[in-house]
Amino acid sequence: MYPAELVHPMKEELVHVGFKQLQAPDEVDSLMDEIKDKTALVVINSVCGCAAGSMRPGVKASLGGAKMPDVLATSFAGFDTDAVARMRQYMLPYPPSSPSIGLFKDGSLVHMVERHHIEGRSAEMLAEHLKMVYEEYC
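Residue numbers 265 to 402, in this note's numbering, belong to the letters of the sequence shown in order.
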């Protein structure tokens, strides 16, 4: 498990722009109950370079358009371990991936961005991709 002093600033990057933290399995289950008739963007955050260089900046840049998810939530791999494990159950059949981004609509996963879709891509590319996904599903 990563130390809190390392993880906290990385968590805050998303919390600061409106993401709800999912730190325990019951919070994940509550979120899934809440979004049965909504859209939700769920980010599995990470300490890796692609999370810092592409994922977090790309996710933040994707927000604020005409179409956006109703709910924003995040959990941190290697820190919120039980919550991440529970969230990954909702993200099946996709294998565990950190970082990753899932878009849920009406309680079902409709789009997944896995680590291999993030690595080697710019934050701008990821933001544009997410905006297209929002246009389609939100």
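For every residue, glycine included, the Cβ atom is placed at its ideal position computed from N, Cα and C. This one's a predicted model, so the numbers in the text were calculated from it and none came from an experiment.
Taken in chain order, the complete beta strand (DSSP E) segments of 3 residues or longer contained in the region 321 to 354 are 335 to 340.
Scanning its chain for C-beta atoms nearer than 8 Å, with the 5 sequence neighbours on each side dropped, one finds around LEU295 the residues LYS284, LEU286, ALA304, VAL306, VAL335, ALA337, in chain order. Along the length of the region 286 to 315, whole beta strand (DSSP E) runs at least 3 residues long occupy 303 to 309, reported in chain order. For SER361 and GLU378, the gap between their C-alpha atoms comes out near 6 Å. Listed in chain order, the non-local C-beta contacts of ASP370 below 7 Å within the same chain comprise LYS300, ASP301, local neighbours out to five positions each way being set aside. In the structure shown, MET319 adopts helical secondary structure according to DSSP, grouped into three states.
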